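For what it's worth, this note's numbering labels the leading residue of the sequence shown as 4, then goes sequentially. Idealized CB from N, CA, C, for every residue including glycine. The structure displayed is predicted, hence computed values, not measured ones.
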Amino acid sequence: MIRMWAGIGLLACSWLPGLGYYAPSSPVACAVMILVGTALLAGAPVSAPSKRDARVAATFCLIAAWLMPWPYCAAALLIFAGLALPAAAGWPRRAGQGALAAGVVLLSQSVLMGLYAIGTARSHDLPRPLAHAAGAVIRLLGAEAAVDGTDLAISASGKVHHFGLTWDLFIDPVTLGFLMGGSVVLAILAYASPQGHRAAAWLRAAGTLALVMAAWLPLRTALIVGLLIQQIDRATPGLPLNGMESAFSPWLHLGLLAGPILLAWRLVPKIAGSGDERQEALPTARRAGPRLSRPATLCLAAAGALMLAFLFHWDPIGGRKPGRVMVVERHSTWEPTTRPYDTESYGEPASYTYAAIYDYCSRFYTMSRLLESDRIDSRTLSGCDVLVIKTPTAPYLPNEVAAVVRFVEQGGGLLLIGEHTDVFQSSTYLNQIAEPFGFQFRKDLLFRVGSPYVQQYEPPAVPHPAVQNLPSMHFAVSCSIDPGPSRGCGAVRNSGLWSLPPAYHTDNYFPEAEYRTDMRYGAFNQLWATRHGSGRVLAWTDSTIFSNFSAFEPGKTELMLGMLEWLNRRSLLDNVWVRVPVMIILGLAGLAAISAGLIFSAARGAHWLMITSTVLAAWGAGSSAVAVFQRLAMPLPEPVQPMVQVVIDRTVSEVPLARGGFTVRDGRGYGLLEQWIPRLGWFTARRSGQAAFTGDLLVVICPSRSVNSEYRQGLVDYVAAGGKLLVIDSPDSAGSTANSLLWPFGLVMNHGAAAGGPLHGKDSWPDIPVEAACAVGGGEPLYWAGDVPVAARTTHGKGTVIAIGFGRIFNDTGMGQHWMAEPDEATRTRFELWYRLLRMTE
4 MIRMWAGIGL
14 LACSWLPGLG
24 YYAPSSPVAC
34 AVMILVGTAL
44 LAGAPVSAPS
54 KRDARVAATF
64 CLIAAWLMPW
74 PYCAAALLIF
84 AGLALPAAAG
94 WPRRAGQGAL
104 AAGVVLLSQS
114 VLMGLYAIGT
124 ARSHDLPRPL
134 AHAAGAVIRL
144 LGAEAAVDGT
154 DLAISASGKV
164 HHFGLTWDLF
174 IDPVTLGFLM
184 GGSVVLAILA
194 YASPQGHRAA
204 AWLRAAGTLA
214 LVMAAWLPLR
224 TALIVGLLIQ
234 QIDRATPGLP
244 LNGMESAFSP
254 WLHLGLLAGP
264 ILLAWRLVPK
274 IAGSGDERQE
284 ALPTARRAGP
294 RLSRPATLCL
304 AAAGALMLAF
314 LFHWDPIGGR
324 KPGRVMVVER
334 HSTWEPTTRP
344 YDTESYGEPA
354 SYTYAAIYDY
364 CSRFYTMSRL
374 LESDRIDSRT
384 LSGCDVLVIK
394 TPTAPYLPNE
404 VAAVVRFVEQ
414 GGGLLLIGEH
424 TDVFQSSTYL
434 NQIAEPFGFQ
444 FRKDLLFRVG
454 SPYVQQYEPP
464 AVPHPAVQNL
474 PSMHFAVSCS
484 IDPGPSRGCG
494 AVRNSGLWSL
504 PPAYHTDNYF
514 PEAEYRTDMR
524 YGAFNQLWAT
534 RHGSGRVLAW
544 TDSTIFSNFS
554 AFEPGKTELM
564 LGMLEWLNRR
574 SLLDNVWVRV
584 PVMIILGLAG
594 LAAISAGLIF
604 SAARGAHWLM
614 ITSTVLAAWG
624 AGSSAVAVFQ
634 RLAMPLPEPV
644 QPMVQVVIDR
654 TVSEVPLARG
664 GFTVRDGRGY
674 GLLEQWIPRL
684 GWFTARRSGQ
694 AAFTGDLLVV
704 ICPSRSVNSE
714 YRQGLVDYVA
724 AGGKLLVIDS
734 PDSAGSTANS
744 LLWPFGLVMN
754 HGAAAGGPLH
764 GKDSWPDIPV
774 EAACAVGGGE
784 PLYWAGDVPV
794 AARTTHGKGT
804 VIAIGFGRIF
814 NDTGMGQHWM
824 AEPDEATRTR
834 FELWYRLLRM
844 TE
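In structure tokens:
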């Protein structure tokens with residue numbers, strides 16, 4: 004049995020690298036753990052269904068695996084492999100039994116991991132009674148410890164160390180996964196034992212396992228705390244304290260399972276006839292049952308599972324409201340929408356505003372502002388459908404809070420946008436409004452484990468409607484949401500993060516990125532969605548990404564439009580007195596259907612693996628159906644006002660662009676070139692493939708990837724239909740493929756004939772020094788370096804193509820390095836040249 008217990012431990016630990024739950028994800032490490040764990044479970048006495056049923060069940064598992072993301076699909080793949088392997092005696096049979104057992108274990112653990120993430124994202128702190136009990140246990144083990152609020156203070160080596168009393172430290176998901184997986188394997192063993200002793204044998208063994216794990220948890224916590232204190236005491240003075248880094252390691256969690264594995268092996272009673280030597284499984288008995296055929300009973304179970312999956316993921320969309328969006332400028336001097344983002348003003352005051360995103364939203368909604376001189380009351384708010392309150396820097400009056408709450412109760416949509424660490428006391432003032440809805444903005448800052456300031460968000464397989472159209476998106480830095488007693492969901496919930504409180508001694512309250520013992524880590528909510536009365540509320544935690552310098556990076560505009568669109572909807576089910584009864588009725592109906600299906604299927608002799616695979620496929624189908632249904636029910640809005648869309652190509656160009664507003668300062672990046680385009684009142688988007696041809700202007704910067712025939716033909720068709728193409732290149736662009744784009748239009752970029760000297764056009768402007776530029780042949784010359792044409796324009800069909808060979812002057816170094824810099828005269832001249840080139844495409 005020790006081999007099986009070790010296999011269960013590996014499967015439990017595989018979820019950490021598979022999901023990136025603490026440290027960054029590692030699909031390879033996850034797959035290795037799953038394969039080794041499966042091998043250790045080989046020979047588990049799992050009875051196989053008949054060949055006919057096995058084929059049907061294997062098909063269902065393939066369907067489920069296709070519908071599920073990694074690593075959740077691993078369970079379905081293992082069950083499929085176990086059903087597909089030959090049932091003859093020998094290693095194929097043992098391997099198949101191990102795969103079946105491992106698949107069922109992973110399936111049960113996947114449910115546990117989902118619930119654990121949802122629960123701990125609401126609150127990482129242990130309840131106060133459990134926290135004091137944990138402190139008492141630590142003291143019993145001989146440590147000098149005391150509970151200090153939600154922390155545990157421990158005296159060691161003459162120092163006092165504060166540890167967060169969290170679920171992740173005391174009752175981690177790996178240990179719970181081992182308990183869950185062990186209970187499942189014990190059920191498999193009990194099922195293979197004589198029928199009269201199955202329930203009693205399983206209860207006795209599973210109860211013993213639970214007691215073993217309960218006894219192990221204090222010892223495990225003491226081992227971790229002792230290890231961390233040792234690391235902290237041996238840390239180099241003056242360097243950041245990263246003693247808690249080892250708590251993220253899946254290998255530490257795996258090593259700590261050695262105790263439970265040995266204890267379970269020695270203390271959990273063996274179930275009769277379930278030893279490793281047992282190879283034959285009892286046949287499934289066919290019992291008399293209802294008149295429903297077995298396929299009909301399985302369909303009943305599938306219908307119940309599909310209904311429950313739909314209900315679990317479904318968010319009522321409702322119909323659109325008129326789309327009147329009001330942004331509150333009252334009580335806020337940070338990130339205003341009122342300051343222009345144009346070609347005249349530069350530096351931090353001009354860039355750190357919401358002017359561009361406000362202008363962008365005005366093309367889709369009727370936008371308005373509630374200024375400092377306006378009142379926040381029911382009369383004012385009656386003129387909008389969605390109210391946006393962003394980063395307040397002054398408190399709200401009680402009557403203003405009451406007016407906002409009434410607005411939501413009567414069917415309005417409210418978007419609250421906060422920022423990290425209570426900077427400018429924004430969280431304090433936002434919480435005046437958030438508290439009546441049952442949640443709060445935490446006064447913290449979230450870092451990404453492994454790369455503190457690089458947090459990438461990938462929407463889940465079944466996203467909330469507000470984020471269902473997002474591509475991969477990067478955060479700047481955010482706080483987290485404490486949902487409190489509010490009924491809602493984490494529309495954006497991420498793991499692999501850690502949280503620190505504000506550093507009030509700094510100007511922006513920004514703490515140093517340290518793995519401190521008092522930190523919270525794991526899963527956090529960064530976008531909270533809830534309903535109140537007949538209205539809707541969204542709380543977003545990273546205001547920076549909507550500022551001018553970041554607003555048009557991938558995912559940012561899609562997120563803003565998605566949030567506004569969800570809030571601009573209203574459904575009868577928004578009212579809690581309508582929604583809750585409907586969901587209870589549908590939930591009970593789904594439970595009744597799946598329960599009846601399971602009971603009737605078993606009565607008709609259906610094998611439990613057949614039932615499991617049927618329910619698994621139905622759950623996957625129901626989840627996928629929700630995603631499709633919600634995308635069809637709530638697409639992103641279409642523009643109602645004219646706009647110029649500039650697409651930055653990412654098919655053949657891979658030059659570094661800005662991320663989170665930060666540019667690359669080694670001469671290779673072109674982030675500022677992209678950021679400056681919205682100053683003309685135009686809007687940018689990064690796209691690839693055929694999607695690159697969906698804008699008014701396509702900008703290709705230093706192309707270096709190969710140009711396939713499909714892309715080239717799409718480009719020709721795009722320009723012929725009236726599209727504009729701007730190709731920027733430079734002599735230092737290694738492996739340039741610019742000519743693969745230009746030759747269909749009669750233009751050529753000559754890298755071998757590099758030119759230098761003062762840059763000038765027909766009117767002798769702008770006289771910018773150019774060290775090196777590519778000669779451009781064909782078309783109408785626009786600019787020369789000396790006597791050599793280095794920019795030219797031509798027409799094709801209804802469109803225009805411009806080729807520029809002096810791209811180096813527009814890289815981030817040439818444009819001033821950063822959006823916060825005030826440009827000197829030479830830099831401003833380059834800005835003006837860039838604006839002139841863009842306007843030439845009109």
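Exercise. Could you check if residue 711 is buried or exposed, using at least 16 other CB atoms within 10 Å of its CB as the buried criterion?
Key: In the sequence shown, the residue the question calls residue 711 occupies position 708. Within 10 angstroms of the beta-carbon of residue 711 lie fewer than 16 other beta-carbons, which makes it exposed.
Exercise. Would you verify that the beta carbon of residue 258 is, or is not, closer than 8 Å to some beta carbon of chain D?
Key: Structure shown: chain D not included; a single protein chain is present.
Practice problem: Just confirm the distance between the C-beta atoms of residue 795 and residue 785, as a whole number of angstroms; I'd bet it's less than 8 Å. | Solution: Along the sequence shown, one-based indexing puts residue 795 at 792. Along the sequence shown, one-based indexing puts residue 785 at 782. For residue 795 against residue 785, the beta-carbon gap comes to about 6 Å, under 8 Å, which counts as contact.
Quiz item: Can you give the Cα-Cα distance for residue 173 and residue 224, rounded to whole angstroms?
Solution: Stepping through the sequence shown from its first residue, residue 173 is reached at position 170. Stepping through the sequence shown from its first residue, residue 224 is reached at position 221. Answer to the nearest angstrom: the Cα atoms are 6 Å apart.
Quiz item: Where does the unbroken beta strand (DSSP E) through residue 678 begin, and where does it stop?
Solution: Residue mapping note: residue 678 aligns to position 675 of the sequence shown, counting from 1. For residue 678, no beta strand (DSSP E) encloses it; the enclosing alpha helix (DSSP H) starts and ends at 674 to 679.
Quiz item: Are residue 395 and residue 361 close, meaning C-beta to C-beta below 8 Å?
Solution: Counting from one through the sequence shown, the residue named residue 395 turns up at place 392. Counting from one through the sequence shown, the residue named residue 361 turns up at place 358. For residue 395 and residue 361, no; Cβs fall outside 8 Å.
Quiz item: What does DSSP give as the partner residues of residue 369 in its beta bridges?
Solution: Taking the first residue of the sequence shown as position 1, residue 369 is located at position 366. Under DSSP, the beta-bridge partners assigned to residue 369 are 327.
Quiz item: Does DSSP put residue 378 in a helix, a strand or coil?
Solution: In the sequence shown, residue 378 corresponds to position 375, counting from 1. Of the three classes helix, strand and coil, the one that applies to residue 378 here is coil, per DSSP.
Quiz item: For residue 302, which of helix, strand or coil comes out of DSSP?
Solution: Walking along the sequence shown from the start, residue 302 turns up at place 299. Three-state DSSP puts residue 302 in a helix.
Quiz item: Looking at the unbroken beta strand (DSSP E) that takes in residue 720, where does it start and where does it end?
Solution: Taking the sequence shown and counting its residues from 1, one reaches residue 720 at position 717. First-last for residue 720: 712 to 723, but that is the alpha helix (DSSP H), not the beta strand (DSSP E).
Quiz item: Distance, Cα to Cα, residue 842 vs residue 719?
Solution: The count along the sequence shown starts at 1 and reaches residue 842 at position 839. The count along the sequence shown starts at 1 and reaches residue 719 at position 716. Their Cα atoms are separated by approximately 21 Å.
Quiz item: If we count the other Cβ atoms within 10 Å of its Cβ and call it buried at 16 or more, is residue 237 buried or exposed?
Solution: Counting from 1 along the sequence shown, the entry for residue 237 is found at position 234. A residue is called buried once 16 or more other Cβ atoms fall within 10 Å of its Cβ, and residue 237, having fewer, is exposed.
Quiz prompt | Spatial neighbours of residue 319 in its chain, beta-carbon cut-off 6 Å, leaving aside the 5 residues before and after | solution = Locating residue 319 in the sequence shown gives position 316, where the first residue counts as 1. Same-chain partners within the cutoff: 574, 576.
Quiz item: From 367, 454, 649, pick the residue whose C-alpha is nearest to that of residue 642; which is it?
Solution: Walking along the sequence shown from the start, residue 642 turns up at place 639. Comparing Cα-Cα distances from residue 642 to each of 367, 454, 649, the minimum goes to 367.
Quiz item: Cα separation between residue 2 and residue 829?
Solution: Here the chain comprises residues numbered 4 to 845, so residue 2 is not present and cannot be evaluated.
Quiz item: Exposed or buried, what is residue 158 when buried is set at 16 or more other beta-carbons lying within 10 Å of its beta-carbon?
Solution: Against the sequence shown, residue 158 aligns to sequence position 155. Residue 158 comes out exposed.
Quiz prompt | Nonlocal neighbours in the same chain, by C-beta distance under 7 Å from residue 601, ignoring five residues either side | solution = Against the sequence shown, residue 601 aligns to sequence position 598. If we look at residue 601 and ignore the five residues flanking it on each side, its Cβ neighbours are 304, 614.
Quiz item: Can you give, in chain order, each stretch of the beta strand (DSSP E) that sits fully within the region 646 to 708 and has at least 3 residues?
Solution: The qualifying runs are 648 to 652, 686 to 690, 700 to 704.
Practice problem: Would you mind sorting residue 677 into buried or exposed? The rule is 16 or more other CB atoms within 10 Å of its CB. | Solution: Position 674 of the sequence shown, counted from the start, is the residue given in the question as residue 677. Classification for residue 677: buried.
Self-check item: Bridge partner(s) assigned by DSSP for residue 788
Solution: Stepping through the sequence shown from its first residue, residue 788 is reached at position 785. Per DSSP, 762, 791.
Quiz item: To the nearest whole angstrom, what separates the beta carbons of residue 467 and residue 494, a pair I think is in contact under 8 Å?
Solution: By one-based count along the sequence shown, residue 467 stands at place 464. By one-based count along the sequence shown, residue 494 stands at place 491. For a cut-off of 8 Å, the C-beta gap from residue 467 to residue 494 is around 4 Å, short enough to register as a contact.
Quiz item: Do residue 16 and residue 256 have their C-beta atoms closer together than 8 Å?
Solution: Taking the first residue of the sequence shown as 1, we reach residue 16 at position 13. Taking the first residue of the sequence shown as 1, we reach residue 256 at position 253. Taking a C-beta distance under 8 Å as the contact criterion, residue 16 and residue 256 qualify as a contact pair.
Self-check item: Pair within 8 Å by beta-carbon distance, residue 413 and residue 322
Solution: As a working note, residue 413 is residue 410 in the sequence shown. As a working note, residue 322 is residue 319 in the sequence shown. No.
Quiz item: What are the boundary residues of the beta strand (DSSP E) that residue 135 is part of?
Solution: Your numbering for residue 135 matches position 132 in the sequence shown. Where residue 135 is concerned, there is no enclosing beta strand (DSSP E), although the alpha helix (DSSP H) around it starts and stops at 131 to 143.
Quiz item: Leaving out the 5 sequence neighbours to the left and right, which residues in its chain are closer than 6 Å to residue 826 when beta-carbon positions are compared?
Solution: The count along the sequence shown starts at 1 and reaches residue 826 at position 823. 349, 819.
Quiz item: Among the residues of its own chain, which have a CB less than 7 Å from the CB of residue 166, if the five just before and after it don't count?
Solution: Translated into positions along the sequence shown, residue 166 becomes position 163. Taken in chain order, the residues that qualify are 154, 155, 157, 172, 228, 520, 521.
Self-check item: Uninterrupted alpha helix (DSSP H) stretches inside the region 409 to 443 (no shorter than 4 residues)
Solution: DSSP assignment within the region 409 to 443 yields the following whole alpha helix (DSSP H) runs of 4 residues or more, N-terminal first: 429 to 437.
Exercise. Kindly indicate which three-state DSSP category residue 524 falls into: helix, strand or coil?
Key: Against the sequence shown, residue 524 aligns to sequence position 521. Looking at residue 524 - three-state DSSP - the assignment turns out to be strand.
Quiz item: Among all the DSSP beta bridges, which residues are the ones paired with residue 632?
Solution: By one-based count along the sequence shown, residue 632 stands at place 629. Secondary-structure assignment with DSSP links residue 632 through no beta bridge to anything.
Quiz item: By Cβ distance, which residues of its chain are closer than 6 Å to residue 534, with the 5 residues on each side in sequence left out?
Solution: Position 531 of the sequence shown, counted from the first residue, corresponds to residue 534. Cβ within range, chain order: 577.
Quiz item: Would residue 334 be called buried (16 or more neighbouring beta carbons within 10 Å of its own) or exposed?
Solution: Translated into the one-based positions of the sequence shown, residue 334 becomes position 331. That one is buried.
Exercise. Could you spell out the range, first to last residue, of the beta strand (DSSP E) harbouring residue 750?
Key: Position 747 of the sequence shown, counted from the start, is the residue given in the question as residue 750. First-last for residue 750: undefined, no H or E at that position.
Quiz item: Where does residue 422 land, buried or exposed, given buried means 16+ other C-beta within 10 angstroms?
Solution: The residue given as residue 422 occupies position 419 in the sequence shown. By the 10 Å Cβ count, residue 422 comes out buried.
Exercise. Taking residue 253 as part of the alpha helix (DSSP H), name the residues at either end of that continuous run.
Key: Counting from one through the sequence shown, the residue named residue 253 turns up at place 250. In the DSSP annotation of this structure, the continuous segment of the alpha helix (DSSP H) that includes residue 253 starts and ends at 253 to 259.
Quiz item: Per DSSP, which one or two residues make a beta bridge with residue 805?
Solution: In the sequence shown, counting from the first residue as 1, residue 805 sits at position 802. Beta-bridge pairing links residue 805 to 729, 796.
Quiz item: Which of helix, strand or coil does DSSP assign to residue 484?
Solution: For the purposes of this step, residue 484 is taken as residue 481 along the sequence shown, with counting starting at 1. When secondary structure is reduced to three states using DSSP, residue 484 falls in the strand class.
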